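S.K.:
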Ligand SMILES: CC(C)(COP(=O)(O)OP(=O)(O)OC[C@H]1O[C@@H](n2cnc3c(N)ncnc32)[C@H](O)[C@@H]1OP(=O)(O)O)[C@@H](O)C(=O)NCCC(=O)NCCS
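Numbering (our numbering), first residue to last: 252 to 468.
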């Protein structure tokens, strides 16, 4: 399962119309996030586009080059991604790790058991997002969803979640759960938005079977 989308961190350009070998770019809504660029021939001229300005084909080519650099792809995670993924996790606040389950060996064990339900978002050479998910034959569990700080609010986590949830559904799983710290405002807002309700009637209990060191970011 893969997905592609354009990311324009500071673009105000959502639309352009090629006219006479040049192009009119209109800042459609001034949004900080653009998820697409539409090129059409024969659109309105600059005079009819109050917020537009004329650019040369050279500039248009540069924009297309930047767009190309900014696109990301969702793909299944492998253990070769570990170092980049771990660095990404450590850069994110409000997450909980430990020295065993999140070591290279721990993640290798997890990926062996759940080979098709963990995903990364890749942008060029960089990993900008990750989600681990797996199941025990009955319930799906999601762990460690994270997106690089400068790539947030562009739908990357949503796409990672969609990939994880559809891969779990494809394995016959009917319900998915996760844990998130109370203090994690962004995390809880994201899960609420995606329909993950909280259970007030439950107490989460667990017991460590071996000694481990917590790593709270
Ligand atoms: C939580 C996190 C994964 C969201 O990643 P993201 O790629 O920015 O999320 P998306 O762009 O897909 O957001 C989808 C929706 O979730 C909600 N949301 C996401 N981040 C939010 C925030 N900081 N505040 C409020 N709502 C937020 C919004 O409704 C958003 O839609 P919108 O941008 O159209 O308003 C990211 O903030 C992160 O990596 N945080 C640190 C790690 C973490 O807390 N992980 C979750 C713990 S289990």
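Virtual Cβ for every residue (Gly too), placed ideally from N, Cα, C.
None of the values given here were measured: they were computed from a predicted structure.
Would you kindly report the start and end of the unbroken beta strand (DSSP E) that includes residue 324?
M.R.: 323 to 327 is the extent of the beta strand (DSSP E) around residue 324.
S.K.: When DSSP builds the beta bridges, which residues end up paired with residue 384?
M.R.: Partner(s): 393.
S.K.: With C-beta atoms as the reference, is residue 464 less than 8 Å away from residue 350?
M.R.: Judged by beta-carbon spacing, residue 350 lies within the 8 Å limit of residue 464, meaning their Cβ atoms are closer than that value.
S.K.: Can you name, in chain order, every residue of its own chain whose Cβ lies under 8 Å from the Cβ of residue 445, other than the five neighbours on each side?
M.R.: 409, 412
S.K.: Quick one: any contact between the stretch 378 to 388 and the stretch 332 to 346, if contact means 3 or more CB pairs under 8 Å?
M.R.: As far as the Cβ criterion goes, the stretch 378 to 388 touches the stretch 332 to 346, which means the pair count is three or higher.
S.K.: Let me check one thing: in DSSP terms, what residues is residue 345 bridge-paired to?
M.R.: In DSSP, residue 345 forms no bridge with anything.
S.K.: Can you tell me the Cα-Cα spacing of residue 396 and residue 458, whole angstroms?
M.R.: Per the coordinates, the alpha-carbon of residue 396 lies some 23 Å from the alpha-carbon of residue 458.
S.K.: Under three-state DSSP, which class holds residue 428?
M.R.: If DSSP states are grouped into helix, strand and coil, residue 428 belongs with the strands.
S.K.: May I ask you to report which of helix, strand or coil DSSP gives residue 445?
M.R.: coil
S.K.: Taking only heavy atoms of ligand 1 into account, decide whether any of them is closer than 7 Å to the Cβ of residue 403.
M.R.: yes
S.K.: Taking the straight line between their C-alpha atoms, what separation do you get for residue 332 and residue 365?
M.R.: 15 Å
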